[in-house]
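Report on one structure; see the data block that follows.
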């Protein structure tokens, strides 16, 4: 089964980091966020990746080819100009990585549409954003998707509030409690999708995945939410990157691999 990672967008809110480095290569604990994300999927046996490249995509390709993040003891087989298999002998870990240039400013749905040929004969494939990490159980996610029989599953999460909140006494207005950036009650789209390949019928090369395609799937009751209540966080700003590094140094909540 393929895992498609959307890592072609511009990190416009990451300041200088997003200008000179593709978001997928911004480091957490000394490793790119892409590495962390791929380790999550690989932990559950999903090691065949399709990377949707765009802005500074050549940097991502060079990073993997130059194996900065691997041990010295590796082999690299080039099967075609844009298809590479990377094997780490020391850990017995095989990752197949297909790099697909999906356009500099292509929207998310268009990027997925452009990798249709790389899904092959698989009926089901995974898609996620290249800037979000979670301690999600991918095996449970896939079981859930297979159980409902619909075309699409997205992972619904409770994001943390961007602000600390206060609780007030209703009668006196006295401040009775502070909560520092608690989880919100609302659900949002956290990525970690599972799609039947018939989803390509809902996509065109200019569409935004989160708009017309998902909205139409929802209207047709073909989109089901997998509710993840554990850790989830996306890296949208430089502050998020700093927070990710702090979490890595303390609890590393998304590190589900051994």
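In the numbering used here, the protein residues as written are 66 to 323. All residues carry an ideal CB built from backbone N, CA and C; glycine is no exception. Keep in mind that this is a model prediction, so the values were computed, not measured.
Item	Value
Applying the criterion that 16 or more other CB atoms from any shown protein chain within 10 Å of the CB defines a buried residue, is residue 201 buried or exposed?	buried
For residue 173, which of helix, strand or coil comes out of DSSP?	helix
Quick one: residues in its chain with C-beta nearer than 8 Å to the C-beta of residue 124, no 5 flanking neighbours on either side, listed in chain order?	86, 87, 90
Taking C-alpha atoms, which residue in 316, 288, 111 lies nearest to residue 212?	288
Measure the CB-CB distance between residue 206 and residue 220 and report whether it falls below 8 Å.	yes
When burial is assigned at 16 or more other CB atoms within 10 Å of the CB, is residue 103 buried or exposed?	buried
My assumption, with CB atoms under 8 Å, is that residue 98 sits in contact with residue 300. Please give the rounded CB distance.	6 Å
Answer with buried or exposed for residue 274, where buried requires no fewer than 16 other C-beta atoms within 10 angstroms of its C-beta.	buried
When DSSP labels each residue in this structure, what does residue 97 get in the three-state scheme?	strand
If you reduce the DSSP assignment to three classes, tell me which class residue 84 lands in.	helix
Can you say whether residue 171 is buried or exposed, counting buried as having 16 or more other CB atoms within 10 angstroms of its CB?	buried
If you follow the beta strand (DSSP E) that residue 211 is in, where does it begin and where does it stop?	Taken as a continuous stretch (DSSP letters only), residue 211 belongs to no beta strand (DSSP E), being part of the alpha helix (DSSP H) at 203–213.
What do you reckon, are the CB atoms on residue 322 and residue 296 nearer than 8 Å?	no
I'd like to check one pair, residue 272 with residue 197: are the Cβ atoms closer than 8 Å?	no
How is residue 134 classed by DSSP in three states: helix, strand or coil?	Note that residue 134 has pLDDT 48, beneath the 50 cutoff, so the model's placement of it is unreliable and the number below is only indicative. Note: residue 134 maps to coil in three-state DSSP.
On the DSSP bridge assignment, give the partners of residue 67 in chain order.	113
Output the distance between the C-alpha atoms of residue 157 and residue 261, rounded to the nearest integer angstrom.	A caution first: residue 157 carries a pLDDT of 46, below 50, which makes its placement in the model unreliable, though a value can still be read off. One C-alpha to the other measures close to 30 Å.
Hey, quick one: how far does the beta strand (DSSP E) through residue 260 stretch, first residue to last?	258–261
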